[in-house]
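Protein chains in written order, with our numbering: chain A, 1 to 194; chain B, 1001 to 1194.
Shown next, in the form of structure tokens:
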């Protein structure tokens, strides 16, 4: 019991470092870059709010867990901005290997049963194949769009992004997980790129 | 449908401001004060990790929702540090009224059905009477203890806090929601106050 608590608190203390991982997007007021911990919180809130637009086969409690965990590996690897990836919007093999090593180390701080459970949820998110993961991934694409719209262009300006690139790198994923939401959001984005 | 999405995204954009609300506690590495959005994320992770120490009647999916929502009113009221409250560790009537007005405004941005649902979850947290709320409140007390232990005293030093005050303001709440965890944590705290 004491050992178990020691492991759990060691993991929770290590997780604190996610607050120091900066993303490419700025807050809605444009004042500073967002960190991955507050981003994860915001996505969880997105899941709660947009739940009524999700397909019926999404497991909502599991989606919340997934979004809370999904960026923890960035403590070791940092955030890789979507629009910096030469337009592929896919992680390289080297990046995937680095994230797997990070997952080994970080989830490995937990008691074995929880390490397995959390790793499994994270791998489901990464594989992006179940309805729950597809929903969670789509939220991970929606939130930066709203931020960029709010703060005057944000990472779109920084990376010289075009509407066509947003459709391909972002819109396709959102349309897959939140098919009712993308047409509405796409209209706002299109108005931003006259 | 379009109106509903407009309301939901207006709420989600307003929620972004929680990232600018600073708390009295510092990150585990002591580098800066924590904001209430990343704090809410961390508490959600605490809930997932410490779930196996929670009483059986805690509704864990609802606890996660509760922790994601619990500090949103601080967008209007700011955070009131526990150790600044003249030792009472209870919110004043004026503070409670201000938080109720904030809840009216912020949850009121949502479609009516979600405004009611979210407000209800937040009020359950504040009332601290159900097993789920008691568990969530105890996590809200545990996390700053771990931070202060990690960063060399943090808000305990800032507010000249004694071990007896921690027992009364913090320990009693933790013991109520996580009775197995407090003795372990209390031993670490006592070692910090020789």
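Where a beta carbon is used, it is the ideal one built from N, C-alpha and C, also for glycine.
- Ranking B/1032, B/1145, B/1083 and B/1194 by CA distance to the CA of residue 1043 of chain B puts B/1145 first.
- Of all residues in the stretch 1051-1083 of chain B, only 1061, 1064, 1065 and 1068 place a beta-carbon less than 7 Å from a beta-carbon of chain A.
- The beta carbon of residue 111 of chain A lies closer than 6 Å to those of 4 and 7 in the same chain, with the five residues before and after it left out.
- Listed in chain order, the alpha helix (DSSP H) runs fully inside the stretch 10-37 of chain A amount to none, counting runs of at least 4 residues.
- A straight-line Cα-Cα distance of about 8 Å links residue 75 of chain A and residue 102 of chain A.
- Contacts between residue 1022 of chain B and chain A, judged by CB atoms closer than 8 Å, are missing: the closest CB pair is about 12 Å apart.
- For the stretch 1004-1029 of chain B, the set of residues with a beta-carbon nearer than 9 Å to any beta-carbon of chain A comprises 1004, 1005, 1006, 1008, 1009, 1011, 1012, 1013, 1014, 1015, 1016, 1017, 1018, 1019, 1020, 1027, 1028 and 1029, in chain order.
- In the three-state reduction of the DSSP assignment, residue 1171 of chain B falls in the helix class.
- Of all residues in the stretch 1119-1153 of chain B, only 1146 and 1150 come within less than 7 Å of chain A when Cβ atoms are compared, listed by chain position.
- With contacts defined by Cβ atoms closer than 8 Å, residue 1079 of chain B and residue 1024 of chain B form a contacting pair.
- Per DSSP, residue 73 of chain A lies in no alpha helix (DSSP H) and is assigned neither H nor E.
- Across the stretch 1163-1194 of chain B, CB contacts with chain A closer than 9 Å involve 1180, 1181, 1184, 1185 and 1188, in sequence order along the chain.
- Using a CB distance below 8 Å, the part of the stretch 94-123 of chain A facing chain B consists of 110, 114 and 118, ordered along the chain.
- Taking the C-beta atoms as reference points, residue 19 of chain A is found no nearer than 8 Å to residue 1164 of chain B.
- Excluding five sequence positions before and after residue 1181 of chain B, the CB atoms of its chain that fall closer than 6 Å to its own CB belong to 1053, given in chain order.
- Interface residue (Cβ-Cβ distance to chain B less than 8 Å): residue 46 of chain A is classified as such.
- Contact annotation: residue 67 of chain A and residue 139 of chain A have beta-carbon atoms nearer than 8 Å.
- A direct Cα-Cα distance of roughly 42 Å separates residue 121 of chain A from residue 1160 of chain B.
- Residue 139 of chain A: member of the alpha helix (DSSP H) spanning 131-151, first to last residue.
- Boundaries of the alpha helix (DSSP H) harbouring residue 1192 of chain B: 1181-1192, taken from the DSSP string.
- The distance from the Cβ of residue 137 of chain A to that of residue 148 of chain A is about 18 Å, inconsistent with a contact at the 8 Å cut-off.
- Non-local C-beta neighbours of residue 105 of chain A in its own chain, meaning closer than 7 Å and more than five positions away in sequence, comprise 76, ordered along the chain.
- Taking each of A/172, A/81 and A/124 in turn and checking the Cα distance to residue 154 of chain A, the smallest one comes out for A/81.
- With respect to the C-alpha of residue 1049 of chain B, the residue from B/1157, B/1064 and B/1035 having the closest C-alpha is B/1064.
- Measuring C-alpha to C-alpha distances from residue 57 of chain A to each of A/194, A/141 and A/131 identifies A/131 as the nearest.
- For residue 1156 of chain B, there are no C-beta contacts with chain A under 7 Å, since the nearest C-beta of that chain is about 17 Å from it.
- For residue 36 of chain A, same chain residues with a beta-carbon under 7 Å away, outside a window of 5 residues either side, are 18, 21, 23, 71, 74 and 79 in chain order.
- By the neighbour-count criterion, in which 16 or more other beta carbons inside 10 Å mark a residue as buried, residue 1026 of chain B falls on the buried side.
- Taking the C-beta atoms as reference points, residue 83 of chain A is found nearer than 8 Å to residue 169 of chain A.
- In the three-state reduction of the DSSP assignment, residue 1093 of chain B falls in the helix class, which pools H, G and I.
- One Cα belongs to residue 55 of chain A, the other to residue 1157 of chain B, and the distance between them is close to 50 Å.
- Burial state of residue 1094 of chain B is exposed, judged by a 10 Å Cβ sphere holding fewer than 16 other Cβ atoms.
- DSSP places residue 104 of chain A within a helical segment (H, G or I) once states are collapsed to three.
- Looking at B/1030, B/1034, B/1002 and B/1045, the one whose alpha-carbon comes closest to that of residue 114 of chain A is B/1045.
- In the three-state reduction of the DSSP assignment, residue 1178 of chain B falls in the coil class, being assigned neither a helical nor a strand state.
- Neighbours of residue 49 of chain A across chain B, judged by C-beta separation under 8 Å: 1008, 1011, 1012, 1110 and 1114.
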